[in-house]
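Chemist: Have a look at this one.
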Amino acid sequence: MGERNLILAFESSCDETSIAVVEDGRTILSNIIATQIDSHKRFGGVVPEVASRHHIEQVTRCLKEALSKANVTYADLTAVAVTYGPGLVGALLIGVTAAKAVAFAHHLPLIPVNHMAGHIYAGRFVSDFEFPQMALLVSGGHTELVYIESENDFKILGETRDDAAGEAYDKIGRVLGVTYPAGKTIDQWAHQGEDTFDFPRAMEKDASYDFSFSGLKSSFINTVHNAEQRKVTLNKEDLAASFQQSVVDVLAEKTDRALDRFPVKQLVLAGGVAANLGLRERIERDMHQKHPATKLIMAPIKLCGDNAAMIGAAGYVAYQHQKRAQMDLNAEPGLSF
Amino acid sequence: MKILAMDTSNHPLSVALVEDWQLVAETTLNLAKNHSVYLMPTIESLMKSVDWQPEQLDRVVVAHGPGSYTGVRIAVTTAKTLATTLDIELVGISSLKLIAANVTTFAPEQLIVSFFDARRGNVFAGGYQWVSGKLVTSIPEKHVAFNSMLNALPSENRSTILVGELNDGLEEQLKNVTATQFKMAPENTTIPSAYQLALLSKQETPVKDIDGFVPNYLRMTEAEVEWQKLHPGESKQSYVREV
Ligand SMILES: [Zn+2]
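Heads up: the protein sequence lines correspond to chains A and B, in order.
Read in the UniProt record's numbering, the first sequence has 115 at position 115, and its numbers run on one by one without any break.
Read in the UniProt record's numbering, the second sequence has 153 at position 153, and its numbers run on one by one without any break.
Laid out in structure tokens, this is it:
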């Protein structure tokens, strides 16, 4: 048996401060996640300056806890991995700065990790990866179809042209009086209602693999406002079900066509919105019926949201591919594949 | 005792290595550069140039604000993480006090007021006096309109020394204040020195709760100010929880 590869990973791209220790890219020894959601609920969404202030309050406590929970010391570590983008610049900077300090203090290599690659690698805790591979990444900030020809080689096939899917959930949630973040409640309501409103499926038939959710969002908001003006109360479960059906149809349809065009061995479903049960059920059924030869890997629900374990898993692969950052590593809020 | 001291509260970046209160090495950049890109490489190259290893350090000293929110956070995050991970002392010093300390040649009762521009006619400012070789705070630091700060200065017949960078807007306000006597300190006093920062830490007790150590922003975020107006008395102890 060779030496253990232990990666200390940092994630602070949005409103979670997370630090993890991951062994050999596949075993989570610790995954500390401090969430600021209760703070941002006050404002109906993430306030960047508030997020940065919370990250700095949490970072060293999470660091110590990640090591003690993993039962390792700095001397045991192989490398430090950190999310350097995409995300909120002030939030990213706390993780990047802390990770650099630890790497410097203990003479450890520093591995820059793309947050979206991290989301994909949450799937690595479920199954080994085989290539070529495709990933459907759906979160509050991103909606992307990614083609992964070989390990650590990511290419975007399509992405959202306006709102991310998770963003659309939060916006229509606000209209229904659901506190931020709205995804979970809308998902629950959707399971109790029916698609009676038949909202538009944007770009479903469009040849590209891009997404758009702003038309759906506007149509939803107009429907609710018109009803309000007519003093009619609409069934919120049916509204949720109709909205979710439209989102899921578009995501599933685009994925299906991308898989027809680019046959792959595996499809990874990941990102915060991948915890949505409606989406999981639909993709599972579609894959079974239309692409039985492609293995579906769904990120564990617990690892769909932002966390450092996924950064450790992606960092492990980047480490094998000799990806290194120096002490001048900066946050890249607009980082893409 | 080996000390690493750093300040990135405003445009300048200053890093010093100090041993037994003697300067070993110092770098100060006075450029509008990205502190995130330059701070760690500056520390790394300075340490290398004097052949120090991180594990030899005994204390980290940081200017903890006020100043640019992002700038202060970069130094504070670096300092608190280094102190935690190396298990060494951490001392935080006011960024305003740091430049006030550049004025050293005056009588003990001399009031030194330092300020940083905080936009829209406002400043972060505090007042200090040298007492038995120690710089003590005599006017608490606050976020305040520059002219009301100037007008509130004591008007006894001694002149206050002002330390800070005057931009056009602040200079205009300065002209309109006549009640108090003051003079501007020479321009070179506005540049922070991390060596000075290390020296200021001599009489300070190290931070006990390093995890809880955060910048002294001197201002709540706008979002929180608005929220508190609408929800008086509703603030919680902590808004962050582990999941
Ligand atoms: Zn994310």
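Positions of the beta carbon are idealized from the N, C-alpha and C atoms, including for glycine.
As the structure is a prediction and not an experimental result, all values here were calculated from the model.
Give the secondary structure of D94(B) by DSSP, where H, G and I count as helix, E and B as strand, and everything else as coil.
Modeler: The residue asked about is misnamed: residue 94(B) is Ser in this sequence, not Asp. Three-state DSSP puts S94(B) in coil, outside helix and strand.
Chemist: Which term fits N58(A), buried or exposed, when burial requires 16 or more other beta carbons within 10 angstroms of its beta carbon?
Modeler: In the sequence on display, residue 58(A) carries Gln and not Asn. Flag for Q58(A) reads buried.
Chemist: Cutting at 6 angstroms between CB atoms, please list the residues of its own chain near G123(A), excluding the five before and the five after it.
Modeler: Answer for G123(A): V268, A270, I297, A299, listed in chain order.
Chemist: For a contact meaning CB atoms closer than 9 angstroms, what does T70(B) contact in chain A?
Modeler: Chain A residues near T70(B): S52, V89, G90, L93.
Chemist: Mind pulling the alpha helix (DSSP H) runs of 4 or more residues that sit fully within the region 43 to 83 of chain A?
Modeler: Within the region 43 to 83 of chain A, the complete alpha helix (DSSP H) runs of at least 4 residues are 48 to 70.
Chemist: Does any C-beta atom of chain B lie closer than 8 angstroms to the C-beta of D76(A)?
Modeler: Output row for D76(A): interface = no.
Chemist: Report all residues for which the CB-ligand distance to some heavy atom of ligand 1 is below 5 angstroms; order them along the chain.
Modeler: Qualifying residues, in the order they occur: S139(A), D306(A).
Chemist: Can you grab the Cα-Cα spacing for the pair I172(A) / H142(A), in whole Å?
Modeler: For I172(A) and H142(A), the distance between alpha carbons rounds to 17 angstroms.
Chemist: Spell out the partners DSSP gives V60(B) in its beta bridges.
Modeler: Paired residues: L4(B), L90(B).
Chemist: The alpha helix (DSSP H) spanning S117(B) covers which residue range?
Modeler: Reading off the sequence, residue 117(B) comes out as Asp, not Ser. Segment 112 to 117 is the beta strand (DSSP E) holding D117(B); no alpha helix (DSSP H) there.
Chemist: How big is the Cα-Cα spacing for P215(B) and A75(B)?
Modeler: Roughly 9 angstroms between the two C-alpha positions.
Chemist: Give the DSSP-derived three-state secondary structure of H321(A) in the structure shown.
Modeler: Residue state, collapsed to three classes: coil.
Chemist: Residues of chain E with a CB under 9 angstroms from the CB of K80(B): which are they?
Modeler: No chain E is present in this structure, whose protein chains are A and B.
Chemist: Quick check on F125(A) - is its C-beta less than 8 angstroms from some C-beta in chain B?
Modeler: No, F125(A) lies away from the interface with chain B (no Cβ there is under 8 angstroms from its Cβ).
Chemist: Can you tell me whether P140(B) is buried or exposed, with buried defined as 16 or more other CB within 10 angstroms of its CB?
Modeler: The residue is exposed, with fewer than 16 neighbouring Cβ atoms inside 10 Å.
Chemist: Check whether the Cβ of E11(A) lies closer than 8 angstroms to any Cβ atom in chain B.
Modeler: E11(A) does not count as touching chain B.
Chemist: Assess contact between the region 130 to 141 of chain A and the region 71 to 79 of chain A, defined as three or more Cβ pairs (one per stretch) separated by less than 8 angstroms. Is contact present?
Modeler: No, they do not touch.
Chemist: Could you give the C-beta distance for residue 251(B) and A125(B), rounded to a whole number, given that I count them as a contact under 8 angstroms?
Modeler: Nothing in the structure corresponds to residue 251(B), since chain B is present only between 1 and 243.
Chemist: What does S17(B) pair with, by DSSP beta-bridge criteria?
Modeler: Contrary to the premise, residue 17(B) reads as Leu rather than Ser in this sequence. The partner list for L17(B) (beta bridge, DSSP) reads L4(B), A25(B).
Chemist: I want to see whether chain A comes within less than 8 angstroms of G139(B), judged by CB atoms only; does it?
Modeler: According to the sequence provided, residue 139(B) is Ile. The question's Gly does not apply to it. Output row for I139(B): interface = no.
Chemist: Can you find at least 3 beta carbon pairs, one from the region 313 to 328 of chain A and one from the region 12 to 25 of chain A, that sit closer than 8 angstroms?
Modeler: With the cut-off at 8 angstroms, the region 313 to 328 of chain A and the region 12 to 25 of chain A touch.
Chemist: Please report how far the alpha carbon of R230(A) lies from the alpha carbon of D256(A), in whole angstroms.
Modeler: Whole-angstrom Cα-Cα distance: 40 angstroms.
Chemist: Can you have a look at D20(B) and say buried or exposed, based on whether 16 or more other CB atoms are within 10 angstroms of its CB?
Modeler: By the 10 Å Cβ count, D20(B) comes out exposed.
Chemist: Going by DSSP, name the residue or residues bridged to Y128(B).
Modeler: Paired residues: I112(B), T137(B).
Chemist: So, does the CB of R73(B) fall closer than 8 angstroms to a CB anywhere in chain A?
Modeler: Closer than 8 angstroms: yes.
Chemist: Does any residue of chain B have a CB that is nearer than 8 angstroms to the CB of H106(A)?
Modeler: Judged by the 8 angstroms Cβ criterion, H106(A) is in contact with chain B.
Chemist: Output the distance between the C-alpha atoms of V27(B) and V15(B), rounded to the nearest integer angstrom.
Modeler: Here residue 27(B) turns out to be Thr, not Val, going by the sequence shown. Taking the straight line from one Cα to the other gives about 5 angstroms.
Chemist: CA-CA distance, P109(A) and R161(A)?
Modeler: Each residue's Cα considered, the two are about 37 angstroms apart.
Chemist: Would you mind working out which of V102(A), A331(A), F131(A), A258(A) sits nearest K205(A), comparing C-alpha positions?
Modeler: Residue A258(A) is the option with its Cα nearest to K205(A).
Chemist: Would you please verify whether the beta carbon of N5(A) is less than 8 angstroms from any beta carbon of chain B?
Modeler: So, not an interface residue.
Chemist: Give a yes or no on whether 8 angstroms exceeds the smallest Cβ distance from D51(B) to chain A.
Modeler: Answer no: the Cβ-Cβ gap between D51(B) and chain A never drops below 8 angstroms.
Chemist: Let me check one thing: in DSSP terms, what residues is A135(A) bridge-paired to?
Modeler: DSSP output for A135(A) lists V146(A), V268(A) as bridge partner(s).
Chemist: Which residue wins for smallest C-alpha separation from residue 390(A), given the options S39(A), A70(A), K69(A), V72(A)?
Modeler: It is not possible to answer for residue 390(A), since the shown part of chain A is limited to 1 through 337.
Chemist: Considering only the beta carbon of each residue, do V247(A) and A168(A) sit closer than 8 angstroms?
Modeler: Yes.
Chemist: For M1(A) and E130(A), what's the separation of their Cα atoms in angstroms?
Modeler: With a pLDDT of 48 at M1(A), under the threshold of 50, the predicted position of this residue should be treated as unreliable, and no value is reported.
Chemist: Expressed to the nearest angstrom, what Euclidean distance is found between the alpha-carbon atoms of G272(A) and C304(A)?
Modeler: Taking the straight line from one Cα to the other gives about 5 angstroms.
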